[in-house]
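Q:
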Amino acid sequence: MEINDIIRPENKVYSKPQLLDEVHMHYCPGCSHGVIHKLVAEVVDEMGLAEKTIGVSPVGCAVFAYNYIDVDWVEAAHGRAPAVATALNRLYPDKAVFTYQGDGDMSAIGTAETIHAANRGENIVMIFVNNAIYGMTGGQMAPTTLLGQKTATSPYGRRVDLNGHPLEITNLLKELDGTCYVTRQSVHTPAAVRKTKAALKKAFENALAKKGTSVVEVVSTCNSGWKLSPEKANEWMVENMFPKYPLGDLKNL
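Reminder that position 111 of the sequence shown reads as 799 in the numbering used here, one-by-one numbering, no gaps.
1) Return the chain-ordered ranges of every beta strand (DSSP E) run that is complete within the segment 738-766 and spans a minimum of 3 residues.
2) Just reading off the beta strand (DSSP E) that Ala784 is part of, what are its end residues?
3) Output needed for Tyr822: all residues of its chain with C-beta closer than 7 angstroms, excluding positions within five of it in sequence on either side, in chain order.
4) Could you have a look at Glu734 and say whether DSSP puts it in helix, strand or coil?
5) According to DSSP, is Leu776 helix, strand or coil?
6) Under a three-way DSSP split, which group does Thr909 fall into?
7) Tell me the start and end of each unbroken alpha helix (DSSP H) in the segment 786-874 that is at least 4 residues and wholly inside, in chain order.
8) To the nearest angstrom, how far is it from the Cα of Pro781 to the Cα of Pro934?
9) Please classify Val701 as buried or exposed, where buried requires at least 16 neighbouring CB atoms within 10 angstroms.
10) Along the chain, where does the beta strand (DSSP E) that runs through Lys939 open and close?
11) The alpha helix (DSSP H) spanning Thr877 covers which residue range?
12) Would you check if the segment 885-893 and the segment 832-840 touch, i.e. whether three or more CB-CB distances between them fall below 8 angstroms?
13) Cutting at 6 angstroms between CB atoms, please list the residues of its own chain near Pro931, excluding the five before and the five after it.
14) Answer with buried or exposed for His712, where buried requires no fewer than 16 other C-beta atoms within 10 angstroms of its C-beta.
15) So, for Ser720: in the same chain, excluding its five sequence neighbours on each side, which residues have a beta-carbon less than 6 angstroms away from its beta-carbon?
16) Who are Thr901's beta bridge partners in DSSP?
17) Please state if the CB of Val904 and the CB of Thr871 are separated by a distance shorter than 8 angstroms.
18) From the DSSP output, which residues share a beta bridge with Leu708?
19) Just to confirm, are Ile812 and Ala773 a CB contact at a threshold of 8 angstroms?
20) Helix, strand or coil, according to DSSP, for His714 in the structure here?
21) Helix, strand or coil for Lys915, going by three-state DSSP, please let me know.
22) Rounded to a whole number of angstroms, what is the C-alpha to C-alpha distance between Arg846 and Gln789?
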């Protein structure tokens with residue numbers, strides 16, 4: 689059998705999304721960001737939104753998202769992505785505007801911008817990557833770090849009396865009148881990847897339909913920050929993060 693017989697178009701089951709640029713990603717091996725980027729690129733391309741989408745990338749591990757997904761991007765200061773996205777959506781109401789934010793950006797320095805944009809019901813998509821740690825700057829404790837979880841700034845584990853409780857910002861956002869869709873997903877298995885892709889598609893559909901703010905939290909791994917192998921990081925996430933941040937739709941209007 690010739691090799692061309694194997695790779696004929698009718699035998700093709702997968703290809704790289706057209707909107708993913710031909711560059712090497714800087715993420716650590718096993719990081720969830722690469723999978724999420726792929727899903728965003730697939731959804732935007734399959735919905736025919738390549739020329740209508742604007743992404744907002746603030747500070748964090750995903751600060752260079754504009755290098756990987758071939759849509760228009762605007763860089764935002766740390767935590768200010770929802771405010772920038774608000775301006776973009778109001779200036780260009782026919783565009784599909786989304787933010788791509790980590791747990792520190794969205795639920796620490798950007799808490800006010802996040803909550804007020806969602807409370808106003810801005811027609812944007814917020815993609816929230818929650819790995820419970822500050823991966824870019826050395827593995828410090830994040831607002832979403834679990835009780836007892838060890839980080840660079842909580843070497844003996846997070847304590848309520850010293851550090852407070854983990855901030856479940858997605859649970860707060862679902863209570864706001866301006867949000868129409870709030871969901872929590874993951875990308876640790878093929879089935880989870882499919883569910884996250886469906887969630888992203890629904891979020892973009894809501895934005896185009898002017899239904900309000902959609903929030904897609906992706907519970908993710910940071911195997912380098914957690915000091916675990918990619919396989920062990922997935923196991924740790926399932927055993928420890930999912931009980932605190934259970935997957936599924938929190939709000940779906």
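Note that CB positions come from ideal geometry on N, CA and C, so glycine has one too. Small disclaimer: the values here were computed from a predicted structure and weren't measured.
A: To lay it out plainly:
1) Inside the segment 738-766, DSSP marks whole beta strand (DSSP E) runs of 3 or more residues at positions 741-745, 760-763, from first to last along the chain.
2) Taking the sequence shown and counting its residues from 1, the one referred to as residue 784 is at position 96. From DSSP, the beta strand (DSSP E) with Ala784 extends over 784-790.
3) Indexing the sequence shown from 1 puts residue 822 at position 134. Cβ neighbours of Tyr822 beyond the five flanking positions: Gly792, Gln828, Ala830.
4) Taking the first residue of the sequence shown as position 1, residue 734 is located at position 46. In the structure shown, Glu734 falls within a helical segment according to DSSP collapsed to helix, strand and coil.
5) Mapped onto the sequence shown, residue 776 falls at position 88. Correct three-state label for Leu776: helix.
6) Residue numbering aside, residue 909 sits at position 221 when the sequence shown is read from its first letter. In this structure, Thr909 counts as coil in the three-state DSSP scheme.
7) You should have 799-808, 848-851, 857-862.
8) Position 93 of the sequence shown, counted from the start, is the residue given in the question as residue 781. Position 246 of the sequence shown, counted from the start, is the residue given in the question as residue 934. Approximately 33 angstroms between the Cα atoms of the pair.
9) Locating residue 701 in the sequence shown gives position 13, where the first residue counts as 1. Counting Cβ neighbours within 10 Å, Val701 comes out exposed, since fewer than 16 surround it.
10) Walking along the sequence shown from the start, residue 939 turns up at place 251. Here the beta strand (DSSP E) through Lys939 covers 936-940.
11) Here residue 877 refers to the residue found at position 189 of the sequence shown. Looking at the DSSP string, Thr877 is not in any alpha helix (DSSP H), and its letter there is neither H nor E.
12) Fewer than three pairs of CB atoms, one per stretch, sit closer than 8 angstroms, so the segment 832-840 makes no contact with the segment 885-893.
13) Translated into the one-based positions of the sequence shown, residue 931 becomes position 243. Nothing meets the Cβ criterion.
14) Reading the sequence shown from its first residue, position 24 is the one you call residue 712. Answer is exposed; the Cβ neighbour count stays below 16.
15) If you number the sequence shown from 1, residue 720 lands on position 32. Within the same chain, and ignoring the five residues on either side of Ser720 in sequence, the residues whose Cβ sits closer than 6 angstroms to its Cβ are Val875, Ser908, Thr909.
16) One-based indexing of the sequence shown puts residue 901 at position 213. According to DSSP, residue pairing for Thr901 in a beta bridge involves Thr867.
17) Indexing the sequence shown from 1 puts residue 871 at position 183. Indexing the sequence shown from 1 puts residue 904 at position 216. The answer is yes: Cβ separation under 8 angstroms.
18) Taking the first residue of the sequence shown as 1, we reach residue 708 at position 20. Leu708 has Ile757 as its beta-bridge partners, per DSSP.
19) Position 124 of the sequence shown, counting from 1, holds the residue named residue 812. Position 85 of the sequence shown, counting from 1, holds the residue named residue 773. Taking 8 angstroms as the Cβ cut-off, Ile812 and Ala773 qualify as a contacting pair.
20) To locate residue 714, count along the sequence shown from 1; it is residue 26. His714 falls in the coil class under three-state DSSP.
21) Reading the sequence shown from its first residue, position 227 is the one you call residue 915. Three-state DSSP puts Lys915 in coil, outside helix and strand.
22) Within the sequence shown, residue 846 is the residue found at index 158, counting from 1. Within the sequence shown, residue 789 is the residue found at index 101, counting from 1. The alpha-carbon atoms of Arg846 and Gln789 are separated by roughly 23 angstroms.
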